[in-house]
Amino acid sequence: MTSEKQNELSELALRVREHIVRLSTDGGCFTGASLSCADLLVYLYADFLNVHPGNLTDPERDYLFLSKGHDVPALYGVFAELGFMPKERLNNHLKSNDSIYWHPNRSVPGVEFHSGSLGHLPSVAMGVALDARLRGQNQHVIVITGDGELNEGTCWEAVLVASAHKLHNLTFVVDRNHFQANIATEELIPLEPLAP
Numbered sequence: 002m003t004s005e006k007q008n009e010l011s012e013l014a015l016r017v018r019e020h021i022v023r024l025s026t027d028g029g030c031f032t033g034a035s036l037s038c039a040d041l042l043v044y045l046y047a048d049f050l051n052v053h054p055g056n057l058t059d060p061e062r063d064y065l066f067l068s069k070g071h072d073v074p075a076l077y078g079v080f081a082e083l084g085f086m087p088k089e090r091l092n093n094h095l096k097s098n099d100s101i102y103w104h105p106n107r108s109v110p111g112v113e114f115h116s117g118s119l120g121h122l123p124s125v126a127m128g129v130a131l132d133a134r135l136r137g138q139n140q141h142v143i144v145i146t147g148d149g150e151l152n153e154g155t156c157w158e159a160v161l162v163a164s165a166h167k168l169h170n171l172t173f174v175v176d177r178n179h180f181q182a183n184i185a186t187e188e189l190i191p192l193e194p195l196a197p
């Protein structure tokens, strides 16, 4: 990656963080979780994934599933900056007249699947990756989980099934920020050694 591209992504990530901080002033934001994945979401949407406002219904697009949905302000910030939605729409955060709220909602352009209870989207992403392979498509499917979410057995089931089916088009990303809600992950259910 060129230094010019790095600077462009850094500036974009800074603007996304500014959106996150503004959204957190409403009291409806998991600020730490949102900030911890801002760089990752910026890179994926701005430089890696084949998904943009013009191909959201294309079955050959890439897919990203935000399983740790409580960090949706980062996703909405990316969407606002990249033209998936008008920036002004972020002003509707937590308002009853819009679906911009606590967790990803599929009525927001670019959101592939609702999230809420942790642990479900790894299996959904695994199913989409398997479907793509069965259709002969070579698209990327990425699911972002939190380290606290790994306490859910369904995450591990999805990993095992994906491995058994050799789904090389599926990538699991664990946001290893070492916290789950208000407690360190290692104090609750230790995850070490979790591969870097």
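Under our numbering, think of the first position of the sequence shown as 2, with each following residue one higher.
We put the beta carbon where it would ideally sit given N, CA and C, even for glycine.
Model, not experiment: these values are computed from the prediction.
(request) Give me the Cα-Cα distance between Val79 and Pro110, rounded to the nearest whole angstrom. (result) Rounded to the nearest angstrom, the gap between the Cα atoms of Val79 and Pro110 is 12 Å.
(request) Can you have a look at Ala165 and say buried or exposed, based on whether 16 or more other CB atoms are within 10 angstroms of its CB? (result) exposed
(request) Rounded to whole angstroms, what's the CA-CA distance from Leu168 to Arg177? Just pull it up for me. (result) Taken atom to atom, the span from the alpha-carbon of Leu168 to that of Arg177 is near 23 Å.
(message) I'd like to check one pair, Tyr46 with Leu10: are the Cβ atoms closer than 8 Å?
(response) Not in contact: Leu10 and Tyr46 (Cβ atoms no closer than 8 Å).
(message) Applying the 10 Å Cβ sphere with the 16-neighbour rule, what's the burial state of Pro54?
(response) exposed
(request) Kindly list the residues whose CB is nearer than 7 Å to the CB of Leu171, restricted to its own chain and excluding five residues on each side of it in sequence; keep chain order. (result) The residues are Ala126, Met127, Ala130, Val142, Ala163.
(message) Suppose you measure from the CA of Gly154 to the CA of Gly120; what does that come to, to the nearest Å?
(response) 7 Å
(request) Pick helix, strand or coil for Leu95, following the three-state DSSP scheme. (result) In the structure shown, Leu95 adopts coil according to DSSP, grouped into three states.
(message) Using only CA atoms, which one of Ala34, Ser25, Leu42 lies nearest to Val112?
(response) Residue Leu42 is the option with its Cα nearest to Val112.
(request) Look at the Cβ atom of Gln140, then the Cβ atom of Asn8, and state whether they are nearer than 8 Å. (result) no
(message) I need the boundaries of the alpha helix (DSSP H) containing Tyr77, first residue and last residue.
(response) 73–83
(request) Check Gly147 in the structure and name its three-state DSSP category. (result) strand
(request) Closer than 6 Å by C-beta to Ala34: which residues in its own chain qualify, once you throw out the five before and the five after it? Chain order, please. (result) His71, Asp72
(message) Since Phe114 and Phe66 should fall inside the 8 Å C-beta cutoff, what is the C-beta to C-beta distance between them, to a whole number of angstroms?
(response) 6 Å
(request) Use the C-beta contact count for Glu150: other C-beta atoms within 10 angstroms, 16 or more gives buried, fewer gives exposed. (result) Glu150 comes out buried.
(request) Return the residue from the list Asn92, Lys6, Ser4, Ile184 that minimises the CA-CA distance to His20. (result) Distances from the CA of His20 to each of Asn92, Lys6, Ser4, Ile184 were compared; the closest alpha carbon is that of Asn92.
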